[in-house]
Amino acid sequence: MTIACGLRALIDPWTDDRPYYLIFLLPILVAAILCGLLPGLLAVLLSLVAENLVRPAQGDFPDLLLFLLASGLLLLFVSWFRTGRGTTRPPTDSQQETERQLKASVNQFRSVLATVPDAMIVIDDRAHILSFSAAAERLFGFSEAEVVGTNINRLMPNPDRERHDDYIARYLTTGERRVIGRGRTVIGQRRDGSTFPMELSVGEAITDGDRVFTGFIRDLTEKQKAEDRIEQLRGELVHAARVSAMGTMASTLAHELNQPITAVVNYVRGAGNLMRGNESPDLPVIQHALDEATNEAMRAGGIVRRLREFVARGDSEKSVEDLDALVEEAAKLALIGARERGVDSFFEIDPASSVVLVDKIQTQQVLINLMRNAVDAMSASPIRRLTISSRPEPNGYVRVTVTDTGTGIAPDIAENLFRAFNSSKDGGMGLGLSICRTIVEANGGKIWMEACPGGGTAFHFTLIRMETEQSE
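If you read the sequence shown in our numbering, its first letter stands for residue 84, the second for the next number, and so on.
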């Protein structure tokens, strides 16, 4: 054991931070052959302690279980060898004691397997089930007696069920691995026909010339539910932020809607007066007044439509969009009242990279938030210039930049600008830019801020760019 421990410590730098139990099998074998079953079991325990001292355990249950199984089989073989090499001679007292100890050891191993939370299934090279742990019984709803000897594909839904035997045959012929030796998320099927996501890790071993595969299975149902719930909450937060953004613009929107509504009233009232005050009304003038009233009503309707689309609740869905049109629609909401505050807006969208793959509403939410922040940042600046530009980036992205000529952002605030509950505004909640980052990253991009050399701030974010040929 001392030599094995020394060798284990020497090879530790080359084990890629994985447990290396195999080196301890030789001292276990020697202890069992020379001294008996109990010293062999003691050697197993000392091996576990030594491995844990060299590299503390970090949840490597598959490697540990395979070591325990190999040690158990080794001790069984040595015990059989020491008690007469399988002959039918009457057992001596020593042999009876060994058998008793062996049964106790087997029961201990079964107890360990029964308490492991992950399911374990052992199959042969024909995909027939050899062993089915208690955790597997609970997970799939079958008893071990029901499934031992049957094909493992009964635990899979189609099309995996139909393909599994071909996969085993292909692996035995070509050595091509898809699951063996690596973890993978797959779908399992319970006895009642329901399916569930699971993480599958498969190991391979050859015993007495027979090839067996051991699969360790972890149920991912609760994890999947938690991830779905997080995604649902994220969507609700993003939607709440859109509604909140429109709430902060309520007075501006009311003013913007009031203008076309007032114009409609005036045009219709004027047309009515012309019709009532003259026996021969001037029809072209009346027609012009009604046309103008129609235009103003459509203008008001357009504002309401854009507002309704922006605050609508819906599932996130990516689609191919024209960046120029997307920016234009966002600006019509974001820049309401900006001209009255002395802000000049400029758009420099590169036509060669204007086709993007995004969630339209959420991307407009990012643009509106950045534009409104820029307008607010320039409230005390003598020059108020807002520029929205784009340019192609390497690796299939396009960069969108919103630049203002405001007073800039203090370095201590800029460092945590995209973290939740961090705001540079008096009374701000500090969620706007955090949500912007969440949206941009969910759409496959990134967002960051830079101070402009001549003053002001530039916010950049990237989107997935589609090639023109693809979009057409």
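No residue lacks a Cβ here, since even glycine has one placed at the ideal position from N, Cα and C.
As the structure is a prediction and not an experimental result, all values here were calculated from the model.
- Membership of Gly515 in the alpha helix (DSSP H) is indicated by the continuous run Gly515 to Ala525.
- Cβ contact annotation for Thr540 (same chain, cutoff 8 Å, sequence separation greater than five): Ala457, Ala460, Thr486, Asp487, Gly489, Gly491, Ile492, Met532, Glu533 and Ala534, in chain order.
- Under the 10 Å beta carbon count, Met358 is surrounded by fewer than 16 other beta carbons and is classified as exposed.
- As a beta-bridge residue in DSSP terms, Trp531 pairs with His543.
- 9 Å or more divides the Cβ of Ile300 from the Cβ of Leu418.
- Separation of Ala187 and Leu121 (C-alpha to C-alpha, rounded to the nearest whole angstrom) is 11 Å.
- Around the beta-carbon of Asp442, 16 or more other beta-carbon atoms lie within 10 Å, marking it buried.
- The stretch 346-356 and the stretch 370-378 touch, with three or more beta-carbon pairs separated by less than 8 Å.
- Pairing Thr470 with Leu546 gives a Cβ-Cβ distance that is not under 9 Å.
- For Pro494, the enclosing alpha helix (DSSP H) starts and ends at Pro494 to Ala497.
- Straight across, the Cα-Cα distance linking Pro280 with Glu310 is about 13 Å.
- Val449 sits close to Val523, with the two beta carbons spaced by under 9 Å.
- Per DSSP, Phe279 is not a residue of any alpha helix (DSSP H); the beta strand (DSSP E) it occupies stretches across Thr278 to Thr290.
- When only Cα atoms are considered, Arg474 and Met381 end up about 34 Å apart.
- Going by C-alpha positions, Thr297 is about 7 Å away from Ile206.
- One Cα belongs to Leu157, the other to Asn234, and the distance between them is close to 28 Å.
- With at least 16 other beta carbons inside 10 angstroms of its own, Ser517 counts as buried.
- In this structure, Val438 sits away from Glu476, with a CB-CB distance that is not shorter than 9 Å.
- Beta bridge pairing from DSSP links Ile270 with Pro280.
- At the C-beta level, Val285 and Ile270 stay beyond 9 Å of one another.
- It is roughly 30 Å from the alpha-carbon of Ala228 to the alpha-carbon of Lys306.
- Looking at Arg455, Gly527, Gly224 and Phe501, the one whose alpha-carbon comes closest to that of Ala414 is Arg455.
- Taking C-beta atoms as the reference points, Ala383 and Ala354 fail to come closer than 9 Å.
- By the neighbour-count criterion, in which 16 or more other beta carbons inside 10 Å mark a residue as buried, Ile289 falls on the exposed side.
- Rounded to the nearest angstrom, the gap between the Cα atoms of Leu416 and Leu453 is 12 Å.
- About 3 Å separates the beta carbon of Arg274 from that of Gly224, a gap short enough to meet the 8 Å contact definition.
- Within 10 angstroms of the beta-carbon of Leu255 lie fewer than 16 other beta-carbons, which makes it exposed.
- For Gly537, the closest C-alpha among the options Arg468, Leu124 and Leu440 is that of Arg468.
- The DSSP-derived three-state label of Asn478 is coil.
- Of Ser177, Arg244 and Val481, the smallest CA-CA separation from Arg548 is found for Val481.
- Around the beta carbon of Arg183, fewer than 16 other beta carbons sit within 10 angstroms, so the residue counts as exposed.
- According to DSSP, residue pairing for Ser214 in a beta bridge involves Val205.
- Straight-line measurement puts the Cα of His211 at about 21 Å from the Cα of Thr278.
- Here Asn236 has Arg244 and His247 as same chain residues with Cβ atoms under 6 Å from its own Cβ, once five neighbours each way along the sequence are excluded.
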